[in-house]
Amino acid sequence: MKKKLVYSIFALAFLISAFLMFFYGQQTFYVKKETSTTEPKYDYHFVLIPEEEDNEYWRQVEKGARDAAEKQGVYLEYIGPKRANLNDHVRVFDKEIAGKVDGIMVQGLSNEAFTPLINKAVEKGTSIITIDTDLPESRRDVYVGTDNYMAGFMAGKAFIEDTKGEQMVGIVIGREDAIHQQLRVEGFKEAVKNELRIKIVGMKESNISKTGAVQATYDLLKENPNITAFYGTSALDGVGIAQVIRTMRPYSDPYVITFDTLPETIQLLEAEEIDAIVVQHPYEMGYTAVNMLVELEKGNHPEKIQHTPTSIIRKNDLNQFLQEHIQENNK
1 MKKKLVYSIF
11 ALAFLISAFL
21 MFFYGQQTFY
31 VKKETSTTEP
41 KYDYHFVLIP
51 EEEDNEYWRQ
61 VEKGARDAAE
71 KQGVYLEYIG
81 PKRANLNDHV
91 RVFDKEIAGK
101 VDGIMVQGLS
111 NEAFTPLINK
121 AVEKGTSIIT
131 IDTDLPESRR
141 DVYVGTDNYM
151 AGFMAGKAFI
161 EDTKGEQMVG
171 IVIGREDAIH
181 QQLRVEGFKE
191 AVKNELRIKI
201 VGMKESNISK
211 TGAVQATYDL
221 LKENPNITAF
231 YGTSALDGVG
241 IAQVIRTMRP
251 YSDPYVITFD
261 TLPETIQLLE
271 AEEIDAIVVQ
281 HPYEMGYTAV
291 NMLVELEKGN
301 HPEKIQHTPT
311 SIIRKNDLNQ
321 FLQEHIQENN
331 K
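For the record, in the sequence shown the residue sitting at position 83 is 83 according to full-length UniProt numbering, with numbers rising by one throughout.
Set out below in structure tokens:
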């Protein structure tokens, strides 16, 4: 009798354990199923390919693109070379085309290297925005960014206004093989060509890095010790130029004009180590580019050229610029 009672208790315990395992197993499964349904759904998949992934200028472009993507229900990837390199840039672009995303934002750095890829992407049904640098000969859908020739021309005019007497100019160019950098140099040269007092005595490449700008400035001064002014065409050129002047020519006062309002560049303008900055709007570039891709995906046909604003600021413009910048970031 006792054995039967023991067996009955074991059987009851087994049934209760089995029931609890089944019940809680169901509950666990149900919770997982609920969690999976909360994953965000996206209407489109876009890719932004920067010239260099961890470059401050391109991080501002990325921020604008991400803000627009969040509002538009877009899944956005930010993928590019670790360091500025044309071959790496081409490889990343080609890989993303093969990935069959809905849209790609990419610089048109080289007609020879990028036009065939842009045309290939468009033929496959991928919308293409050239951003920061255009390739109008390609089949790209829209260009979003600075009018780079005009930006260079504005820099040249500012240089004429701000200087007197004979000027020997050294140019630090971000990349000699990049179309937008070439246009900035061409515009500058066009602006100053009739000014006999201004002579361009040399040009060196920085490869859009601070260390590269330091080396380029050092080489320019070594080859042309009579340089009285510098023109930098990419975001970190002004920082490198100022560093070399501070260490090599601490008692000289060359005129320096460069591109982009990165925090360090702004500080150097305030300290009068840089005289003028060509202001672009990278945040607006990213924001507008994503919106243009959405328009294209909806079957609309936006204007093919979407120039973002460009201006020149000097030290006495800083307060107004910073106030406007804060307002823009708080939108």
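Virtual Cβ for every residue (Gly too), placed ideally from N, Cα, C.
Report task. Label Lys-204 either buried or exposed according to how many other C-beta atoms from any shown protein chain fall within 10 Å of its C-beta, with 16 as the threshold for buried. Result -> buried
Query raised in the report: Helix, strand or coil: how does DSSP classify Phe-321 here?
Result: helix
Query raised in the report: What's the call for Gln-280, buried or exposed, on a 16-neighbour Cβ count within 10 Å?
Result: buried
**Report entry** Limits of the beta strand (DSSP E) - the one that Gln-167 falls within
**Finding:** 167–173
Query raised in the report: If you drop the 5 nearest sequence neighbours on each side, which residues of the same chain put their C-beta closer than 6 Å to that of Tyr-44?
Result: Val-74, Asp-102, Glu-297
Query raised in the report: Taking just the CA atoms, how far does Asn-111 sit from Ser-127?
Result: 18 Å
Query raised in the report: Does the region 59–66 come close enough to the region 86–101 that 3 or more CB-CB pairs lie under 8 Å?
Result: no
Query raised in the report: Leaving out five residues before and five after Leu-318 in sequence, what residues of the same chain have Cβ atoms less than 8 Å from its Cβ?
Result: Ile-266, Leu-269, Glu-270
Requested in this report: Give the range of the alpha helix (DSSP H) segment to which Val-279 is assigned.
Outcome: That residue, Val-279, is in no alpha helix (DSSP H); its beta strand (DSSP E) goes 276–279.
Query raised in the report: Where does residue 334 land, buried or exposed, given buried means 16+ other C-beta within 10 angstroms?
Result: What the structure shows of the chain is the stretch from 1 to 331, and residue 334 is not part of that stretch, so it cannot be assessed.
Report task. Mind reading off the beta-carbon distance from Ala-229 to Val-142? Whole number of angstroms is fine, and I expect it under 8 Å. Result -> Between Val-142 and Ala-229 the Cβ distance is about 36 Å, and since that is not below 8 Å, they are no contact.
Report task. Compute the Euclidean distance between the alpha carbons of Ala-213 and Lys-41, then round it to the nearest angstrom. Result -> 44 Å
Query - Contacting residues, own chain, Cβ-Cβ under 8 Å from Phe-153 (five flanking each side not counted) - result: Gly-187, Phe-188, Glu-190, Ala-191
Query raised in the report: Which residue spans inside the region 179–258 form an unbroken beta strand (DSSP E) run of at least 3?
Result: 198–205, 229–232
**Report entry** Check whether Tyr-287 and Gly-80 have beta carbons under 8 Å apart
**Finding:** no
Report task. Could you tell me if Asp-54 is buried or exposed, where buried requires 16 or more neighbouring beta carbons within 10 angstroms of its beta carbon? Result -> exposed
Query raised in the report: For the putative contact between Asp-275 and Arg-314, defined by C-beta atoms under 8 Å, what is the C-beta separation to the nearest angstrom?
Result: 7 Å
Requested in this report: State the CB to CB distance for the pair Thr-133 and Gln-107, rounded to an integer number of angstroms; the pair is presumed to be in contact (CB under 8 Å).
Outcome: 4 Å
Report task. State the Cα-Cα distance for the pair Lys-304 and Glu-264, rounded to the nearest angstrom. Result -> 34 Å
Query raised in the report: Which term fits Ser-234, buried or exposed, when burial requires 16 or more other beta carbons within 10 angstroms of its beta carbon?
Result: buried
Requested in this report: Determine the direct distance from the alpha carbon of Thr-146 to that of Ala-84, and round the result to whole angstroms.
Outcome: 20 Å
**Report entry** Rounded separation between Ser-311 and Val-278 - CA only
**Finding:** 6 Å
Query raised in the report: Exposed or buried, which one is Asp-177 when buried takes at least 16 other CB atoms within 10 Å?
Result: exposed
Query raised in the report: Exposed or buried, which one is Gln-196 when buried takes at least 16 other CB atoms within 10 Å?
Result: Here the sequence assigns Leu to residue 196, which means Gln is not the residue at that position. So Leu-196 ends up on the exposed side.
Report task. Apply the 10 Å Cβ neighbour rule to Tyr-24 and answer buried if 16 or more other Cβ atoms are within range, or exposed otherwise. Result -> Reliability of the predicted coordinates at Tyr-24 is poor, the pLDDT of 43 falling under 50, and no value is obtained from them.
Report task. Just confirm the distance between the C-beta atoms of Val-47 and Ile-104, as a whole number of angstroms; I'd bet it's less than 8 Å. Result -> 5 Å
**Report entry** Limits of the unbroken beta strand (DSSP E) element including Gly-145
**Finding:** 142–145
Query raised in the report: In terms of DSSP beta bridges, what is Thr-130 paired with?
Result: Val-106, Tyr-143
Report task. Ignore the nearest five residues each way along the sequence and tell me which others in Leu-262's own chain have a CB closer than 8 Å to its CB. Result -> Glu-56, Tyr-57, Ala-235, Leu-236, Val-239
Query raised in the report: Any idea which residues DSSP pairs Leu-76 with across the strands?
Result: Phe-46
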